[in-house]
Structure formats: structure tokens, C-alpha cells
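If you read the sequence shown in full-length UniProt numbering, its first letter stands for residue 1, the second for the next number, and so on. Glycine included, C-beta positions come from ideal geometry on N, C-alpha and C. Here's the structure, in C-alpha cells; my notes come after.
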Amino acid sequence: MAYNPPPHYNLGGPSDPQPPQSVPPSYSPLQPQPYDSGYAPQSPVSAQPGPPPHAIPPQPAYGTQPLLQPPLPAAPRKSPLVPLLAIGMAVGLAAAAVSVALWLRANGDLEDADTRLADRDKEISQLQEDLEAAEAQVSELEGPAGEAEVMQACIDDLNEYYSTPEGSDEEAAALTAIETSCDGLIF
Numbered sequence: 001m002a003y004n005p006p007p008h009y010n011l012g013g014p015s016d017p018q019p020p021q022s023v024p025p026s027y028s029p030l031q032p033q034p035y036d037s038g039y040a041p042q043s044p045v046s047a048q049p050g051p052p053p054h055a056i057p058p059q060p061a062y063g064t065q066p067l068l069q070p071p072l073p074a075a076p077r078k079s080p081l082v083p084l085l086a087i088g089m090a091v092g093l094a095a096a097a098v099s100v101a102l103w104l105r106a107n108g109d110l111e112d113a114d115t116r117l118a119d120r121d122k123e124i125s126q127l128q129e130d131l132e133a134a135e136a137q138v139s140e141l142e143g144p145a146g147e148a149e150v151m152q153a154c155i156d157d158l159n160e161y162y163s164t165p166e167g168s169d170e171e172a173a174a175l176t177a178i179e180t181s182c183d184g185l186i187f
């Protein structure tokens, strides 16, 4: 039985029918094949009835085995952790944006509060100065006001004295009140 190489290894020799691909090729010792011109024929290989004592068991030729390719690696599967990480990153980014916005707003509010506090401090200091000035004016006016009260009491006692009938007990009491209230003013 002779083996015909696959069509793509055919070196231009006679075309013999090929065995079907579904059936594995049969293996037999190599036999000489006719070659086209330009090729030297090889010496025939003698077939021995039994295996030689130091012979290596026959192995199929490289052209007789179909080339096995390793299976393509499967597409890397996405871990279920990837979408969770993406969602977590989006939430974290949103939280950071909100935090920055709130911080900027709070920072602006803090500056406004500091400005208002400074304005209130100025108003308070101005009011304290005004209060001290008013107290100084009051203390300055207390002396003349006290004198005016003493004078008013003296005038009231004089009016009382002149409104009483002459020689009466009321006139004597009014005269005693004048001496007390007008002491230093009239006498």
C-alpha cells in the first residue's frame, strides 16, 4: 500500500486517488516513488519480515499527521468586580464634586460671616465710643442740673411763701423751708 502525500505536498508526481479525510492514513514502510526529471532516484529500502534488533519503532512521517493548532485562548471574562468598581468610582467622583461645591459655598459663607462680624465689631466699638461720650456729657451736665434742681426748689419754696397769708403758721413754715432750700443762693 502506497501513501500519497496531501495535495499541498504533491511534488508534481502522478496523481493517485487520495483516501478520504475522515479515515486516518495507513502507515507502511516507505517505498520508492517515481520522480520527475532532475531528481535522483533513491535506493529501494528493503522490507524486513520482523523488526530489526536495534530498530526504532516506525513513526509516522511529519507530512502524514494533521497539524494541530492549540485552541485559541478564550476571551478574557470580565470580573463581576469591574462594574462594581466602575459604579463605586462614579459615586466617589460625584461625592467629591458635591463636597467641593459645599466647601466652596461654605468658604464663601465663612468669608461673608467674617465680613459681617467685622462690621458688627466696628458698630459695637462706635456705639461704645458714643456711650462714653454721652456719659461724659451727662457727668458734665450733672453739676448744672443739680444746681438747677436746688434753684427750682428754692423758687418753689418762695412761691409757697408768697402765696400764704401774712402772719399765719403756714407763712412761718414756708419761711423755714426757704431758709433751708435757698441757703447759699439768697442768704
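For Cys-154, the enclosing alpha helix (DSSP H) begins and ends at 81-163.
Between Asp-157 and Ile-124, the CB-CB gap reaches or exceeds 8 Å. Within a 10 Å sphere around the beta-carbon of Ser-79 sit fewer than 16 other beta-carbons, which makes this residue exposed.
Taking a C-beta distance under 8 Å as the contact criterion, Thr-176 and Glu-170 do not qualify as a contact pair. Excluding sequence positions up to five before and after Gly-167, its CB lies less than 6 Å from no other CB in the same chain. In the three-state DSSP reduction, Glu-166 falls in the coil class, being neither helix nor strand. Here Ala-133 is exposed, its C-beta having fewer than 16 other C-beta atoms within 10 Å. A straight line joining the alpha-carbon of Glu-129 with that of Glu-135 spans about 10 Å. Taking the CA atoms as reference points, Ala-145 sits about 15 Å from Leu-185. Our two residues, Ala-97 and Arg-116, have alpha carbons roughly 28 Å apart in a direct line. The C-beta distance from Glu-160 to Ala-174 rounds to 5 Å, short enough to fall under 8 Å.
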